[in-house]
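Just so we're aligned, residue 13 is where the sequence shown starts under my numbering, counting upward by one. Virtual Cβ for every residue (Gly too), placed ideally from N, Cα, C. Presented below is the structure to which this report refers.
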Amino acid sequence: NLDVLREVLTAEDGSPAALFVEADAAGMARGLGDLFARPEAKARLSEAGRRLRDKYSPARMCAGYEALLLA
């Protein structure tokens, strides 16, 4: 649960990804249990994850750096 990860892994609607504190197995278990109990939360996080995957894909990141370097 680092600030930089919280910034990068926040969905466009401002909701954060599921972040866990290192070595907090109980906290991670609670978070996973919450996802299993709330399918809508799981679906929302899954969709947000797909959008982040696309946003930070290697091809898109390389194209962005290339555009900066050639500007």
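Measuring CB to CB, does residue i end up less than 7 Å from residue j?
i	j	result
A23	A60	yes
A53	L47	yes
Relative to the C-alpha of residue i, which residue among the options is closest?
i	options	result
L31	K67, P51, L14	L14
L21	L57, A75, E78	L57
If you drop the 5 nearest sequence neighbours on each side, which residues of the same chain put their C-beta closer than 7 Å to that of residue i?
i	result
P28	R18, L21, T22
Short of 6 Å in beta carbon distance, which residues of its chain neighbour residue i, apart from the five on each side in sequence? Order them along the chain.
i	result
M40	F32
Y77	none
With a threshold of 8 Å on Cβ separation, who are the neighbours of residue i within its own chain once the five nearest residues in sequence on each side are excluded?
i	result
D66	R72
On the DSSP bridge list, what partners appear for residue i?
i	result
P51	Paired residues: none, contrary to the question.
P28	T22
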